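Okay, so here's the structure we're looking at.
Protein chains: 2
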Amino acid sequence: MRVFGVDPGLTRCGFGVVDGGPGRTVRCVAVDVVRTPADEDLSRRLLRLADAVEVWLDRYQPEVVAVERVFSQHNVRTAMGTAQAGGIVALAAARRDLPVMFHTPSEVKAAVTGSGRADKAQVTAMVTKLLGLKVAPKPADAADALALAICHLWRAPMRSRLEQAQARAAELAKAHRARLARAVAETGRKAQ
Amino acid sequence: MRVFGVDPGLTRCGFGVVDGGPGRTVRCVAVDVVRTPADEDLSRRLLRLADAVEVWLDRYQPEVVAVERVFSQHNVRTAMGTAQAGGIVALAAARRDLPVMFHTPSEVKAAVTGSGRADKAQVTAMVTKLLGLKVAPKPADAADALALAICHLWRAPMRSRLEQAQARAAELAKAHRARLARAVAETGRKAQ
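So the protein sequences, as listed, match chains L and D. Once you know that position 41 of the first sequence is 55 in this note's numbering, the rest is easy, because the numbers rise by one and skip nothing. Once you know that position 180 of the second sequence is 194 in this note's numbering, the rest is easy, because the numbers rise by one and skip nothing.
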C-alpha cells in the first residue's frame with residue numbers, strides 16, 4: 015500500500031510518500047517540503063498548496079492520504095493556518111475518492127519511536143533508520159510527513175483487525191439477545 | 015459590487031449574496047445555509063461544502079468573497095472545522111481569481127449594528143432591516159453571512175481610502191527624506 019503523509023502547514027507543509035511492503039517493511043518514495051510566501055494572501059497560499067497536492071497525487075498515485083490532526087497550538091493564528099492546510103489536502107483527496115485518515119501527533123510519535131512523547135530529533139532519527147535513508151530528512155516537517163505515512167501503514171492493519179473484532183462482538187451480542195428473547199418467549203408460553 | 019458572504023462551518027455554513035448600490039444601499043440576492051452530515055468523514059464533508067460553494071459561485075458570479083475570520087472558539091474541534099470550511103471557500107475563490115477578504119466577528123457586528131459586541135439577535139434584526147427583508151433570515155448563520163457581505167461592502171471603500179492615504183503619506187515621507195539628503199549633501203559641500 016502506498017501512503018501520502020502530510021504534515022500540514024502554510025509556511026512549511028511536509029509531504030512524504032511511503033510504500034508498505036510485507037510485514038513492517040517500509041520504503042521512502044518521495045519527500046519534500048512545500049513553502050508558501052508569508053506575505054501573500056491566505057487564499058493565494060492555499061491555492062499554491064492545493065496545486066502542489068494535485069501534482070503529488072498525480073505523480074505518486076497514493077492509495078490513501080494520512081494527515082496530521084491538529085488539536086491546538088499555542089499560536090491560534092498558526093493553528094488556523096495548519097487546520098486550513100490540512101483541510102485543503104483532505105479535500106483534494108476526497109475529490110479523487112481517496113480515503114483520508116487523520117492521526118494525532120502522539121499516535122505518530124508512538125508508532126515510529128514507541129513513545130507518544132518523543133521529540134522531533136527522535137522522530138527524525140527513527141524515520142531515517144526505518145526507511146534506511148542515508149541522510150536524515152530535513153526540515154522536521156519532511157520527517158514528520160514520512161512518520162505519518164509509516165504510522166498509517168502500521169496502524170491500518172491493527173485498526174482493521176480491531177474493527178473485525180468489534181463487528182464479531184456485535185454479532186455475538188445480537189445472537190445472545192435473540193437467544194434471550196426466545197427463552198423469555200418460551201417461559202411466557204409455559205407460564206400460560 | 016456583488017459580495018458573497020460566508021459564515022464558515024461544517025455543521026452549518028451560512029451563504030449570503032448581497033449587491034451594493036449607490037451610497038450605502040444594499041440588496042439581498044440570495045441566502046441559505048449549507049449543512050453537512052456530522053456522521054460523515056471530514057474529507058467528504060469538506061467536499062460537499064466545496065461543491066456547494068462552486069454552485070453558488072457559478073450561479074451568482076460575485077466579484078468578491080468575504081469570509082468570517084476565526085480567531086478562537088471554546089471548542090477546539092469546532093474551531094478547526096470552521097477554519098477548514100473557511101479555507102475551502104477561500105481556495106474556491108482563489109481558483110477563480112476572486113479576491114477573498116476576511117473580517118472578524120466584531121468588525122461585522124460593528125459594521126451592521128454600530129457595536130462590535132452586539133448579540134446574534136441584534137445582528138439578525140439589523141440585517142433584516144438593512145436589506146428590507148419581510149422575514150428575518152434563519153438560522154443565525156444565514157443572517158451572519160449577509161452581515162459579512164454588508165460589512166465588506168461598507169468597509170471596502172473605507173479601506174481603499176485608508177490605503178490611498180497611507181500611500182500618499184509614504185510618498186510625502188519619501189520626498190521629505192530626499193530633501194533632507196540633498197540638504198545634508200549641500201552642507202557637506204559647503205563645509206569642504
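Note that CB positions come from ideal geometry on N, CA and C, so glycine has one too. None of these values were measured; they are calculated from a predicted model.
Asked, Found
"What are the residues that DSSP puts in a beta bridge with Ala80 of chain D?", "D:Gly19 and D:Met115"
"For Pro119 of chain D and Arg83 of chain D, what's the separation of their Cα atoms in angstroms?", "7 angstroms"
"Buried or exposed, going by whether 16 or more other CB atoms sit within 10 Å of the CB of His166 of chain L?", "buried"
"In chain L, which residues lie with their C-beta within 7 angstroms of the C-beta of Met94 of chain D?", "Val84 and Ala97"
"In terms of residues, what are the limits of the beta strand (DSSP E) holding Val47 of chain L?", "Val40 to Arg49"
"Alpha carbon to alpha carbon, how far is Gln180 of chain L from Ala197 of chain L? Give it in angstroms, no decimals.", "26 angstroms"
"Rounded to whole angstroms, what's the CA-CA distance from Val114 of chain L to Leu61 of chain L? Just pull it up for me.", "20 angstroms"
"In chain order, what residues of the same chain have a beta carbon less than 7 angstroms from the beta carbon of Arg132 of chain D, not counting five sequence neighbours either side?", "The residue you asked about is not Arg; residue 132 of chain D is Ala in the sequence shown. Closer than 7 angstroms at the Cβ level, and outside the excluded window around Ala132 of chain D, lie Lys123."
"Do Ala159 of chain D and Val43 of chain D come within 8 angstroms of each other at the CB atom, strictly closer than that value?", "no"
"Taking Val79 of chain D and Ala107 of chain D to be in contact with their CB atoms under 8 angstroms, please state how far apart those CB atoms are, rounded to whole angstroms.", "4 angstroms"
"Using a Cβ cut-off of 8 angstroms (strictly closer), state whether Val67 of chain L contacts chain D.", "no"
"Exposed or buried, Ser57 of chain D, counting other C-beta atoms within 10 Å across all chains shown (16 or more means buried)?", "buried"
"Closer than 8 angstroms, Cβ to any Cβ of chain D: which residues of the stretch 32–61 of chain L, in chain order?", "Asp55, Leu56, Ser57, Arg58, Leu60 and Leu61"
"With 8 angstroms set as the bound, which would you pick, yes or no: does the beta-carbon of Gly101 of chain D sit closer than that to a beta-carbon of chain L?", "yes"
"With a threshold of 8 angstroms between beta carbons, is Arg109 of chain L in contact with chain D?", "yes"
"Alpha carbon to alpha carbon, how far is Ala52 of chain L from Val69 of chain L? Give it in angstroms, no decimals.", "22 angstroms"
"Can you tell me which of the three DSSP states Arg62 of chain L falls into?", "helix"
"The beta strand (DSSP E) spanning Ala31 of chain L covers which residue range?", "Here residue 31 of chain L is Val; the residue named in the question, Ala, does not match the sequence. Looking at the DSSP string, the run of the beta strand (DSSP E) that includes Val31 of chain L is Arg26 to Gly34."
"Report all residues from its chain with a CB closer than 7 angstroms to the CB of Ala66 of chain D; omit the five preceding and five following residues, and keep chain order.", "Val48"
"Compare the C-beta of Ala64 of chain D against all C-beta atoms of chain L and say whether one is closer than 8 angstroms.", "yes"
"Could you compute how far the alpha carbon of Arg59 of chain D sits from the alpha carbon of Arg41 of chain L?", "32 angstroms"
"Tell me where the alpha helix (DSSP H) around Arg37 of chain L begins and ends.", "Just to set this straight, residue 37 of chain L is Gly in the shown sequence, not Arg. From DSSP, Gly37 of chain L is part of no alpha helix (DSSP H); its letter is neither H nor E."
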